[in-house]
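Engineer:
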Amino acid sequence: MRGCAVSEAGAARRLFIASPTHLRNPSDFELFEEDRLRREADRSGMVGHRQTGNHFETQFGLPRYAETPRVRIALRNKPLDFYGFDRWVLSDRARQLLHGMDPAAFDFVECDTSGPAKYEVGTYWLGKVKRVVTDFDRDTSVFELAGRFYDPSLKQEVYSHRIRTLNRLTLLPGAEDALAFYLLDYTPYPIFDGRLVDAIWAAKLTGLMFSPLHRPQKGDVKEKYIQTYQYWKEQGAL
């Protein structure tokens, strides 16, 4: 969908997709026995939301694990502050920054951490965004739905309301204090407010890339091939 002119209030809000950087390897870690940890975890306390068109709930955040997760980081390269994709393995300084700015937005689980002797890796944590924003201004946002496609598991065509591509986002009133969240129908990556992104950049935390969901301002683009690169290039903003 193509948005119309963005309201003054919407334009003032800087929002970014938070995804793994292309400049470093986000998979340079090992979470030991991950399949068993996931299988034995207690999900009864997780919050569920029903995405548009679904008959089941999607759970957000982290479960309770039966034991302390064990992780080894920096397998081949220098340590990063964020590893992984939507569920991170993150450094203690990254956790402190996120928790300090928006404690209600995240779940964290402390890990038994190891790494190469030449690095002081400290403690790493599993972390994930648990807050969900269920709706947004669809008239002024720019996005594409997955739509109709063939599902080989069902052996038939289905229609999905999942957002496949998100390029511009305007939130509805009431979400002003949410610095980190998932958008209900767009779950590849979480979305961060510009205030949180600025703090991460100021702290020089490594491992994440931020793609603006607003017309980029000076300093808003640190890497070339951001998630919204093609859209903003076509808009003449890059």
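The opening position of the sequence shown corresponds to residue 5 in the numbering used here, with each subsequent residue numbered one higher. Glycine included, every Cβ here is placed at the ideal spot set by N, Cα and C.
1. To the nearest whole angstrom, what separates the beta carbons of Val133 and Pro192, a pair I think is in contact under 8 Å?
2. Give me the Cβ distance between Arg172 and Leu217, rounded to the nearest whole Å; I'm assuming they're in contact under 8 Å.
3. Pull up the CB-CB distance for Gly119 and Val125, whole angstroms please, since I reckon it's below 8 Å.
4. Considering only C-alpha positions, which residue in the set Gly57, Leu175 and Leu79 is nearest to Arg28?
5. Return the bridge partner residues of Ile77 from the DSSP annotation.
6. Are the beta-carbon atoms belonging to Tyr186 and Phe64 less than 8 Å from one another?
7. I'd like the ranges of any alpha helix (DSSP H) spanning at least 4 consecutive residues and lying wholly in the region 91-178.
8. Quick check on Tyr69: does DSSP put it in helix, strand or coil?
9. Grab the span of the beta strand (DSSP E) containing Tyr233 for me, first residue to last.
10. Using alpha carbons as the reference points, say which of Arg54, Leu94 and Glu71 lies closest to Leu212.
11. Flag this pair as yes or no: are the beta carbons of Phe196 and Ala184 separated by less than 8 Å?
12. Which of the three DSSP states is assigned to Asp39 in this structure?
13. Nearest to Asp90 by alpha carbon, out of Cys115, Arg76, Asp181 and Leu130?
14. Skipping 5 residues on each side, what residues in its chain have a beta carbon closer than 7 Å to that of Glu227?
Structural biologist: Considering the structure as presented:
1. With 8 Å as the limit, Val133 and Pro192 do not qualify as a contact, their Cβ atoms being about 12 Å apart.
2. 6 Å
3. That belief holds up - the Cβ atoms of Gly119 and Val125 are roughly 4 Å apart, short of 8 Å.
4. Arg28 has its Cα closest to that of Leu79, out of Gly57, Leu175 and Leu79.
5. Phe33
6. Contact: yes.
7. 96-105
8. coil
9. Boundaries around Tyr233 are those of the alpha helix (DSSP H), Tyr233 to Glu238, since no beta strand (DSSP E) includes it.
10. Leu94
11. yes
12. helix
13. Leu130
14. Thr25, His26, Leu27 and Met213
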